[in-house]
Amino acid sequence: MQDTFNIYGTELNSRLLIGSALYPSPDIMQQSIQASGAQIVTLSLSRQNPQDNGGQNFWSLIQSLGLHLLPNTAGCHTVEDAVNMARMSRELFQTDWIKLELVGDDYNLQPDPIDLVKATEILLNDGFKVLPYCTDDLVIARHLVELGCEVIMPWGSPIGTGKGLLNPYAIQAIRDRFPEVTMIIDSGIGKPSHATQAMEMGVDAILLNTAIAHAHNPVMMAQAFAQSIEAGRLASLSGLMSERSTASPSTPTLDQPIWHQINYG
Amino acid sequence: MSQTFEIYINNVPCEVKPNMSLSEILNLFGAQQPYALLFNRTFLPSSKHESIQLKPDDRIEVISAIQGG
Numbered sequence: 001m002q003d004t005f006n007i008y009g010t011e012l013n014s015r016l017l018i019g020s021a022l023y024p025s026p027d028i029m030q031q032s033i034q035a036s037g038a039q040i041v042t043l044s045l046s047r048q049n050p051q052d053n054g055g056q057n058f059w060s061l062i063q064s065l066g067l068h069l070l071p072n073t074a075g076c077h078t079v080e081d082a083v084n085m086a087r088m089s090r091e092l093f094q095t096d097w098i099k100l101e102l103v104g105d106d107y108n109l110q111p112d113p114i115d116l117v118k119a120t121e122i123l124l125n126d127g128f129k130v131l132p133y134c135t136d137d138l139v140i141a142r143h144l145v146e147l148g149c150e151v152i153m154p155w156g157s158p159i160g161t162g163k164g165l166l167n168p169y170a171i172q173a174i175r176d177r178f179p180e181v182t183m184i185i186d187s188g189i190g191k192p193s194h195a196t197q198a199m200e201m202g203v204d205a206i207l208l209n210t211a212i213a214h215a216h217n218p219v220m221m222a223q224a225f226a227q228s229i230e231a232g233r234l235a236s237l238s239g240l241m242s243e244r245s246t247a248s249p250s251t252p253t254l255d256q257p258i259w260h261q262i263n264y265g
Numbered sequence: 266m267s268q269t270f271e272i273y274i275n276n277v278p279c280e281v282k283p284n285m286s287l288s289e290i291l292n293l294f295g296a297q298q299p300y301a302l303l304f305n306r307t308f309l310p311s312s313k314h315e316s317i318q319l320k321p322d323d324r325i326e327v328i329s330a331i332q333g334g
C-alpha cells in the first residue's frame, strides 16, 4: 500500500523525521539516521570555528546521506534573530524549508506563541515554507494555519524530556480541527510507545532526536521507532475499537458446559 | 601607510586595512566555505559580500552547519 504524506507538496514515505544532534559519535549518527529510514534530517547553524575545520566533517557527512535537509532556528529568542537565521539557512542549505523555533522561556524551552506567529508571517511572505514548532494550543495552531502554514509541529512535551504526550486531548483537538494540515509531533517523545500513541491519534509524522541519540543503542532504537511509527499509522488507518467501561467476553460463552450467571441484588 | 582599524569576526577582534575586501578578511580569519554571514546582526546575502564597506567596530559572524534537532 502506498501511504505517503506531504510537506508543502513534497511526497514522503517515511513518517519519521530525525535530528542530527547528541549522538555519541558521527559514525553512530550516520548509522542511526540510516537505520531510521528517515527521508528528512534536521540540522542547525552556529558560528564557524576555523580550528575545527570549519564544521566540514559534519557537513560532508550530512550531504553524503542524500536526505532532505530541514534547518532549524534553535536558540532564537526574538523574531529578528529567527528571521535572520532562516535566511542564512536558506542560502547555506539551498532549501526554503525552515523548522521555526522561537524560545519563549528558557525553563522549559517553550515556544513563544506570539512571536512565533509574527515570525511565521514574515517568513511565509518571504517565500519560506514554514514548519512551526508550537505548543499544543488549538488557537495558536489556527493562527498558523490561517497564515498559510501547511504543516504544524506541536510539542508532545518539552524538548528533551521524553515525557511523551502530556496533553493527548489537546493533540487530538488540533488533529480533528485541522485534518487537512500535515501535523508532526516535534518534541518530548521518549519511547516508541509514545510515538505509536501519537500516530494512532492520526498524527502524520514524528520528529525525533534525543530519544534515539541518547539510547544505549541508538541504531537499534532508530529501528524500534521506525516500526512503532509504522504500527501506529496502520492502527490509525485500521480504525480503533471503541473503548468500553464494562467487560465483554471475546470467547462466546453461551452453551458452554461451565456456563453460569450470577445475579446480584 | 594606511591606518588599520578593528572589527570583530565571531566576537574576535581583528585588525584590518581599509582597502581589504571582505573575502580577504575572511580568508585571514580562516573561514571555510560554505558559510553564511551576519553583518551587524543582520543577514548579509552572498551577492552583497563584496560590496560591503567595512568601518570600525563592525561585527561579522561567520555561520556554518552544525548538528541540530
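Top to bottom, those sequences are chains A and B.
So the first sequence is residues 1 to 265, counted in the working numbering.
So the second sequence is residues 266 to 334, counted in the working numbering.
Every residue gets a Cβ at the ideal spot worked out from N, C-alpha and C, and that includes glycine.
Legend entry - Three-way DSSP call (helix, strand, coil) for residue 230 of chain A in this model: Counting from 1 along the first sequence, the entry for residue 230 of chain A is found at position 230. Of the three classes helix, strand and coil, the one that applies to residue 230 of chain A here is helix, per DSSP.
Legend entry - Start-end ranges of the alpha helix (DSSP H) lying completely within the region 123-186 of chain A, minimum 4 residues: 138-147 and 168-177
Inset, instruction - Can you tell me which of the three DSSP states residue 66 of chain A falls into? - result: Position 66 of the first sequence, counting from 1, holds the residue named residue 66 of chain A. Coil at residue 66 of chain A, not helix or strand.
Inset, instruction - Please confirm if the region 218-228 of chain A is in contact with the region 14-23 of chain A, defined as three or more CB-CB distances below 8 angstroms between the two stretches. - result: yes
Inset, instruction - Could you give the DSSP three-state label for residue 104 of chain A: helix, strand or coil? - result: Locating residue 104 of chain A in the first sequence gives position 104, where the first residue counts as 1. Note: residue 104 of chain A maps to strand in three-state DSSP.
Legend entry - Bounding residues of the beta strand (DSSP E) (the contiguous stretch that carries residue 210 of chain A): Indexing the first sequence from 1 puts residue 210 of chain A at position 210. Note, residue 210 of chain A: premise wrong, no beta strand (DSSP E); alpha helix (DSSP H) at 210-213.
Inset, instruction - Classify residue 90 of chain A as helix, strand or coil using the three-state DSSP reduction. - result: Translated into positions along the first sequence, residue 90 of chain A becomes position 90. Note: residue 90 of chain A maps to helix in three-state DSSP.
Inset, instruction - Kindly list, in the order they appear in chain A, the residues whose Cβ is closer than 7 angstroms to that of residue 327 of chain B. - result: Position 62 of the second sequence, counted from the start, is the residue given in the question as residue 327 of chain B. 47 and 48, listed in chain order.
Inset, instruction - Name the two residues that bound the continuous beta strand (DSSP E) containing residue 26 of chain A. - result: Numbered from 1 along the first sequence, position 26 holds the residue referred to as residue 26 of chain A. Where residue 26 of chain A is concerned, there is no enclosing beta strand (DSSP E), although the alpha helix (DSSP H) it sits in stretches over 26-36.
Legend entry - residue 53 of chain A - DSSP class collapsed to helix/strand/coil: If you number the first sequence from 1, residue 53 of chain A lands on position 53. Helix at residue 53 of chain A.
Inset, instruction - Can you pull the chain B residues whose beta carbon is under 8 angstroms from the beta carbon of residue 56 of chain A, in chain order? - result: As a first step, residue 56 of chain A must be located in the first sequence, where it is residue number 56. By Cβ distance, chain B contributes 297.
Legend entry - Same chain only: Cβ atoms within 8 angstroms of residue 329 of chain B, ignoring 5 sequence neighbours per side: Position 64 of the second sequence, counted from the first residue, corresponds to residue 329 of chain B. Answer for residue 329 of chain B: 297, 299, 300 and 301, listed in chain order.
Inset, instruction - Would you please verify whether the beta carbon of residue 147 of chain A is less than 8 angstroms from any beta carbon of chain B? - result: Stepping through the first sequence from its first residue, residue 147 of chain A is reached at position 147. It does not: the Cβ of residue 147 of chain A has no partner Cβ on chain B nearer than 8 angstroms.
Legend entry - Contact set for residue 89 of chain A: own chain, Cβ-Cβ below 7 angstroms, skip 5 residues either direction: For the purposes of this step, residue 89 of chain A is identified with residue 89 of the first sequence, where counting begins at 1. Excluding positions up to five away in sequence, the list reads 45, 71 and 98.
Legend entry - For residue 186 of chain A and residue 80 of chain A, the rounded distance between their alpha carbons: Translated into positions along the first sequence, residue 80 of chain A becomes position 80. Translated into positions along the first sequence, residue 186 of chain A becomes position 186. The straight-line gap from Cα to Cα measures roughly 23 angstroms.
Inset, instruction - Flag this pair as touching only if the region 133-146 of chain A and the region 106-124 of chain A have three or more C-beta atom pairs under 8 angstroms; answer yes or no. - result: yes
Inset, instruction - Round the Cβ separation of residue 182 of chain A and residue 6 of chain A to the nearest angstrom and send it over; I've been treating them as touching at under 8 angstroms. - result: Residue numbering aside, residue 182 of chain A sits at position 182 when the first sequence is read from its first letter. Residue numbering aside, residue 6 of chain A sits at position 6 when the first sequence is read from its first letter. With 8 angstroms as the limit, residue 182 of chain A and residue 6 of chain A qualify as a contact, their Cβ atoms being about 7 angstroms apart.
Inset, instruction - Label residue 217 of chain A either buried or exposed according to how many other C-beta atoms from any shown protein chain fall within 10 Å of its C-beta, with 16 as the threshold for buried. - result: Residue mapping note: residue 217 of chain A aligns to position 217 of the first sequence, counting from 1. The residue in question, residue 217 of chain A, is exposed, as its Cβ has fewer than 16 Cβ neighbours within 10 Å.
Inset, instruction - Would you give the residue range spanned by the beta strand (DSSP E) that residue 251 of chain A belongs to? - result: On the first sequence, residue 251 of chain A is found 251 positions in, with the first residue counted as 1. Note, residue 251 of chain A: premise wrong, no beta strand (DSSP E); not H, not E.
Inset, instruction - Sort out for me which residues DSSP pairs residue 19 of chain A with in a bridge. - result: Counting from one through the first sequence, the residue named residue 19 of chain A turns up at place 19. Its beta-bridge partners are A:42.
Legend entry - the region 168-181 of chain A contacting the region 196-213 of chain A, beta-carbon criterion three pairs below 8 angstroms: yes
Inset, instruction - Pick out whichever of A:11, A:95, A:206 and A:43 has its Cα sitting closest to the Cα of residue 23 of chain A. - result: Counted from its first residue, the first sequence places residue 23 of chain A at position 23. Of the candidates A:11, A:95, A:206 and A:43, the one whose C-alpha sits nearest the C-alpha of residue 23 of chain A is A:43.
Inset, instruction - Kindly say whether residue 20 of chain A, judged by its beta-carbon, lies nearer than 8 angstroms to any beta-carbon of chain B. - result: Taking the first sequence and counting its residues from 1, the one referred to as residue 20 of chain A is at position 20. Yes, residue 20 of chain A counts as interfacial toward chain B.
Inset, instruction - Report yes if the CB atom of residue 95 of chain A is closer than 8 angstroms to the CB atom of residue 131 of chain A, and no otherwise. - result: Reading the first sequence from its first residue, position 95 is the one you call residue 95 of chain A. Reading the first sequence from its first residue, position 131 is the one you call residue 131 of chain A. No; because the gap between Cβ atoms is not below 8 angstroms, this pair is not in contact.
Inset, instruction - Return the residues of the region 88-107 of chain A that lie within a Cβ-Cβ distance of less than 8 angstroms from chain B, sorted by chain order. - result: 88, 89, 91, 92 and 93
Legend entry - Counted within 10 angstroms of its Cβ, other Cβ atoms place residue 306 of chain B as buried (16 or more) or exposed: Sequence index remark: in the second sequence, residue 306 of chain B carries index 41 (1-based). Per the 10 Å Cβ criterion, exposed.
Legend entry - Test: residue 212 of chain A CB closer than 8 angstroms to a CB of chain B: Counting from 1 along the first sequence, the entry for residue 212 of chain A is found at position 212. No, residue 212 of chain A does not count as interfacial toward chain B.
Legend entry - Nearest residue (CA-CA) to residue 84 of chain A, options B:268, B:272, B:310 and B:278: Within the first sequence, the letter at position 84 stands for residue 84 of chain A. That would be B:310, whose Cα lies nearest to the Cα of residue 84 of chain A.
Legend entry - residue 331 of chain B at chain A interface by Cβ criterion, 8 angstroms: Taking the first residue of the second sequence as 1, we reach residue 331 of chain B at position 66. Answer yes: the Cβ-Cβ gap between residue 331 of chain B and chain A drops below 8 angstroms somewhere.
Inset, instruction - Could you spell out the range, first to last residue, of the beta strand (DSSP E) harbouring residue 10 of chain A? - result: Residue mapping note: residue 10 of chain A aligns to position 10 of the first sequence, counting from 1. Looking at the DSSP string, the run of the beta strand (DSSP E) that includes residue 10 of chain A is 10-12.
Legend entry - Reference residue 61 of chain A; option with closest CA among A:29, A:165, A:74 and A:39: As a working mapping, residue 61 of chain A is identified with position 61 in the first sequence. Closest by alpha carbon: A:29.
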